[in-house]
Structures are given as structure tokens and as C-alpha cells.
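Okay, structure first, notes after.
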DNA sequence: CGGGATATTGAGTTAGTTCAACACAGGTGG
DNA sequence: CCACCTGTGTTGAACTAACTCAATATCCCG
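Chains as they are written, first to last, in the working numbering: chain A, 161 to 411; chain B, 161 to 411.
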């Protein structure tokens, strides 16, 4: 069960935002940083399993992930779950309820998670006065659409082995851009159930397929740590092509 | 094989745009319409099977569908195809190549298709001077993300019968909002192969499942015409809930 | 020590696939 | 006007990737 949320110790100033030091993000000018600092209404810390946003509700907030992992998902009435994607630092959460009235998916924390909180009613100011930031928001949504395109291709047309190979490579490269990897290794706070639900597979089959990938010497997956042993092999299996997109927006 | 494109007879002025008469679109003010008229660089007419945008290329244009159907899709090297979604009047095509460098999916015309063409290099002006329109662009991308979420849930977690029920209802309601339906009937310019590729199913199984839905008296599907006979039944099957979103943006 | 997740493995089942044949319609060229 | 071809839809039969069920193993935590 989700644990309760904790109040943050002390919010980080946008001027000192850790994400800015990563080269995968675009540089913001002074004005933009100032605006974002004022726009940011606080921070929100959640523990694994905590519910961040709920399908069917309207959130007064818009979030950006400062650190940690989360995932978006949808449920069917009988409990079947589909994970739509995994969210990492820099990703936007809850824009849907800013743009439409209510959420059509839920979001849950996977790891210890720190979020920047923005009041959705002020999103309009951003569009009115900071067109570059508005464009960044569009950029982020478009990128997330791209990831969904990839997932849909996987779930619709790839075999179990191909899906797993593809997802693991994708996660690895996304994490790598955020400097969350150590060499070929990456800490993934997922259970196999999470993988299964993201891939549209059963838990048992996911487990067995992971095993054959291990036996073929492609990966090592143990205690939430993933090691990519044969990147070429995996990429060939999955027709994976890393998405070399230019510097991405912060917020 | 795709036929060649035809030059448009005479572009329609945005002031006289047919879409504006539909109540599902938000009303634009005079300034916005004037800007859009200037932004619009022409029209583009395509016939069924024509390729509109190609994965791996960069399109200098951004399109909006004025009339007709298209679909976005991705291919695997061995020819497996996943249709990502179907696009109808009012939908935006090719934003990805305006936001990133190149397309990661292709777009093909399903029916006779009329597109409004906008030069992507002027998209920035729109963001700089027409924040409401910029917000509309974001709205459109976010909505398309939502549709993808639904598809991913279907393909990942629903049975063949549920998937078909869900897709047909969705198409019907989307078309209905655009006043493209006649009572419970709708002309769909698809082959069963299109349905199969959108649902992640084989052609044969799609055919058989359509047949059982017909036999149960839920639908009639003949010569590209779909009739919804038992909307309640289909909705129950698919856990379908029509997405009652407020007026949507034009362009 | 006991209870609740998570992971692993085997065995039997099934939804959906592939292969193949055939029906039907429209379109073309002789 | 007919013969042919191609794209689409339909149906049966055999096959298989992935599923469900079930038992067991681990590990962590209170």
C-alpha cells in the first residue's frame, strides 16, 4: 500500500537546480529562471508506492520530477493494469489535468521521489509571457508522445523477447543521458510485475524471458540492478535506435 | 501503390473554414483567424494510399486535416506494421518534425484528403505572438497523447474482442463530434488490415472477431460502412467511456 | 518466528497466429 | 464482352507464443 507523503525539508531554488548542470538540458536565460522560481510553489516528496495523481480527479498542480522514478498507468475495472511509461527527472506530470479537466491516467512513485510543484492556474502566464517556455512544454508533451509511439509498436508488434530488449535499452539510454548509470549498470527500482505491465505481458512470461536473455549473456538483472552485457545483441533483437535528440528543455 | 498528389483547386480562406461551423471547436477571435490565414501557406490534396510524411525525413511543413482520414504508423524492418492512430479533420500532422529534427513515424492518406499546409519555420511566431494558439497546439498534442494512452491500454491488456469494440466506439464518437456520422452509421475507409494493424492483431483473427461481434448483433460492417447496433453492449465489453472534452481548438 | 512481497519453475491450457484455399468485386486490356 | 489480375474478405486446420494455475524459494520486516 502507498505510504503517506512527507513534507519536503527545504525547497531548492531554481537557480540552484541540479538538473541544470546536466548537458542534456537546454540552457535557460535569467528571466526564465526567475519566472520559474516564482512559478514553482513548492516541493513534494513521495515514497515508493505513493499515489501522485489519480485517474478521474483534477489536480490543481503540475509537477516536474527533480529526482527519482515514477510511472503513469491505467487500470481496467477487473484490475488489469497497463503501465504507459516510466517517468524520470525532468519529466512533466499532470499536464493533462491542466489542459483538460480531469486525468485519464494515474501516476505512482516507484522510488523515493522529489517533485517540483507548479500551480496549474498560472500555466497561462507562462504561455502569455514566456513563449520559449511554452514551446518547451510542447516539446515535452511531443517527446512523451514519441515514447508512447514506441511502446505501442512494441506491445502491438514485437515478441516478448524483443519488447524486453527494447524497453531495457530505452531505459538505459534515458538514464544514461541523466547520468544515472554507472558504466553499463543501472539501478532500476522496478519489480518484474512493473516490467510485465509496461510490456503487456504476464508476470510469469516476463520472468522466463528475462531468464533466457540472461542465459544468452545479454543482460544481468539482480536485486533491482540491471547490467547491459551485450548492447549490440539487444539492439539487433529490438531494432533499437537510440533517439539522439538535441538538448531538452527544463520544465 | 500510392497515387500521386494533386494540386489543390483553390485554397479556402481560414475565415471561411468549414471546421469553424462545428460546435466541437473553440471560437477564434478575429486576430487569430487573420494570423492563421497568413500562416497557412496552401493546401495539399492526397488520394488514398498516398504518403504524407515519412519516418526518417524532416518535413518543412506542418499540416492540419481539413477533410478526410489519414493514419500514423511505424514499421519494423521485417515489415510488421503498427498503426498508431487514425487522424481526422482538425488533427495536426507533422508537429514532431517541427519540434525535433526528424519524424519517427510515417503518415498515409486513408481517403481523399485535404490538408492545410503551414511552414514550420514560422511556428515560432505563433508561440511568440499568439499564446492562445500556442496553448491550442499543446492541447492538440496532449489530446493525441491521451488517445495513445487508450490504445496502449487496449493493445497491452484487452482481448481481441474488447479491443475491437473499443476502437469502433472510439472512432464512432470521434466522427460523431465532427458530424461525419449518419445516425448509428459511419463510413470508414478502412480495410480489415488497417484495423488489425491498429489493434496489434492478425488479419485473420480480426476478421473472425468482427464476425462474432456481428453475430452477437453488436455491429454491422459491410463495404466500409459501420453500423453500431448495440452501443451499450459494446461499451460494456470495452469498458468504454466517451471522452467528453470541452470545445477543442482549431489548428 | 510469521506474514507479505517478490522471484522462480513446471505443467497444462488457450487466445491468437500462420498457412492455405477459396469467394468476390472492380478494373484493365484485348 | 470476356479473361484475367489484384486487392479484399472469409473460412478451416494446425500450430505456438504467451497465459493461467500452482507450488516452492527467498528475503525483508516487524
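Think of the CB as a built atom: it goes at the ideal place given N, C-alpha and C, for glycine as much as any other residue.
Under the 10 Å beta carbon count, residue 345 of chain A is surrounded by fewer than 16 other beta carbons and is classified as exposed. A residue is called buried once 16 or more other Cβ atoms fall within 10 Å of its Cβ, and residue 334 of chain B is buried on that count. Neighbours of residue 265 of chain B in chain A, taken as residues whose beta carbon is under 8 Å from its own, are 309 in chain order. Taking the beta carbon of residue 315 of chain A as reference, the chain B residues within 8 Å of it are 312, 315, 316, 360, listed in sequence order. Per DSSP, the beta-bridge partners of residue 231 of chain B are B:246, B:268. When secondary structure is reduced to three states using DSSP, residue 241 of chain B falls in the strand class. With contacts defined as CB atoms closer than 8 Å, residue 348 of chain A and residue 394 of chain A fail to qualify as a contacting pair. Among the residues facing chain B, residue 339 of chain A is not included, as its CB has no counterpart in that chain under 8 Å away. In the DSSP annotation of this structure, the continuous segment of the alpha helix (DSSP H) that includes residue 375 of chain B starts and ends at 363-375. Taken through DSSP and simplified to helix, strand or coil, residue 276 of chain B comes out as strand. Sequence-distant partners of residue 299 of chain B (beyond 5 residues in either direction) whose C-beta falls short of 6 Å from its own C-beta, in its chain, are 409. In this structure, B:313 is the residue among B:313, B:362, B:411, B:257 with its C-alpha nearest to the C-alpha of residue 242 of chain A.
The alpha-carbon separation between residue 264 of chain B and residue 256 of chain B amounts to approximately 8 Å. DSSP, reduced to helix, strand and coil, places residue 408 of chain B within a strand of the structure shown. Within chain B, the residues 305 have their CB atoms less than 7 Å from the CB of residue 304 of chain A, given in chain order. Nearest C-alpha to residue 238 of chain A among B:405, B:396, B:286, B:403: B:396.
Rounded to the nearest angstrom, the Cβ distance from residue 315 of chain B to residue 359 of chain B is 6 Å, consistent with a contact under 8 Å. In chain A, no part has a C-beta under 7 Å from the C-beta of residue 199 of chain B; the shortest such distance is about 15 Å. Inclusion of residue 249 of chain A and residue 338 of chain A in the CB contact set at 8 Å is warranted, their separation being smaller than that value. Secondary structure at residue 214 of chain B: coil, using DSSP grouped into helix, strand and coil.
Under the three-state reduction of DSSP output, residue 379 of chain A falls in the strand class.
DSSP, read as helix, strand or coil, puts residue 345 of chain B in strand. For residue 204 of chain B, the secondary structure class from DSSP, reduced to helix, strand or coil, is strand. Chain-ordered, the chain A residues with CB closer than 8 Å to the CB of residue 294 of chain B read 287, 291, 294, 295, 298. The residues 196, 224, in chain order, have a CB closer than 6 Å to that of residue 411 of chain B in the same chain once the five nearest residues on each side in sequence are set aside.
Just measuring C-alpha positions, the residue of B:403, B:407, B:251, B:399 sitting nearest residue 235 of chain A is B:399. When beta bridges are read from the DSSP output, residue 223 of chain A appears opposite A:253, A:277. Nearest neighbour of residue 332 of chain B by Cα position, chosen from B:321, B:246, B:185, turns out to be B:246. Look at residue 222 of chain A: its C-beta is not under 8 Å from any C-beta on chain B. Shown here, residue 350 of chain B sits in coil according to DSSP, grouped into three states, outside any helix or strand. Put simply, the stretch 276-293 of chain A touches the stretch 187-206 of chain A. At least three CB pairs are less than 8 Å apart.
One thing to note: residue 228 of chain B has its Cβ no nearer than 8 Å to the Cβ of residue 262 of chain B. The continuous alpha helix (DSSP H) containing residue 391 of chain B extends over residues 391-398. In this structure, the straight-line span from the alpha carbon of residue 220 of chain A to that of residue 301 of chain B is close to 21 Å.
Annotation: Cβ neighbours of residue 244 of chain A in chain B (cutoff 7 Å, chain order): 309, 312.
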